[in-house]
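Numbering (mature numbering (1 follows the signal peptide of the UniProt record, and there is no 0)), first residue to last: -16 to -1, 1 to 157.
1. Cutting at 6 angstroms between CB atoms, please list the residues of its own chain near residue 145, excluding the five before and the five after it.
2. Using only the alpha-carbon positions, how far apart do residue 141 and residue 26 sit?
3. DSSP state of residue 40, grouped into three classes?
4. On the premise that residue 96 lies in contact with residue 128, defined as a C-beta separation below 8 angstroms, what is that separation, rounded to the nearest angstrom?
5. Does DSSP put residue 70 in a helix, in a strand, or in coil?
6. According to DSSP, simplified to helix, strand and coil, what is residue 114?
7. Going by C-alpha distance, which of 102, 57, 120, 100 is nearest residue 32?
8. Do you know how far the Cα of residue 102 is from the Cα of residue 151?
9. Quickly, what does DSSP pair residue 194 with across the bridge? List them, please.
10. Which same chain residues, not among the five before or five after residue 170, have their C-beta less than 6 angstroms away from its C-beta?
11. Could you compute how far the alpha carbon of residue 166 sits from the alpha carbon of residue 94?
12. Helix, strand or coil, according to DSSP, for residue 78 in the structure here?
13. For residue 48, count the other beta carbons within 10 Å of its own beta carbon; 16 or more makes it buried, fewer makes it exposed. Which is it?
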């Protein structure tokens, strides 16, 4: 347990240290030596996640259309590579907004998201035996980024799109 706590502190400290990388990303490398699990290299969320094809459609209250928020998620970190689709569809005619403070599961249930109208927050669960024996062999990476949509008024609502953004990992738990 002390080993896991030390890892979390090290990761948080490393994430707080700015680097000279011109892309404003943070690099982190952790090498663990553990008497229980042996000498191993921990999987590390060090590169930003790639979020593409962000689309939001907010139906007008009188329209008989479906409101939704959707995007593609990609984790490009070595050993953690994952691509999945994420979406939140509201019932037709619900007059509800896609902006809310609840997490929604992506197609890969290891990823979930919430969107409040300005900020997209994503959580990604992963397993790594270097972190310890079960149940201490997993972590959750958290990321957040501002969404800058281009909006277009349509007959039944407002369509908003953003082609791509990089989401930095902001913390691990």
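For glycine and all other residues, C-beta sits at the position ideal for the given N, C-alpha and C.
Here's the rundown:
1. 39, 134
2. 46 angstroms
3. strand
4. Between residue 96 and residue 128 the Cβ distance is about 13 angstroms, and since that is not below 8 angstroms, they are no contact.
5. strand
6. helix
7. 57
8. 14 angstroms
9. Summary: the structure shown does not reach residue 194, with the chain confined to residues -16 through 157, and so no result is reported for it.
10. An answer regarding residue 170 cannot be provided, because it is not within the stretch -16 to 157 covered by the chain.
11. Here the chain comprises residues numbered -16 to 157, so residue 166 is not present and cannot be evaluated.
12. coil
13. exposed
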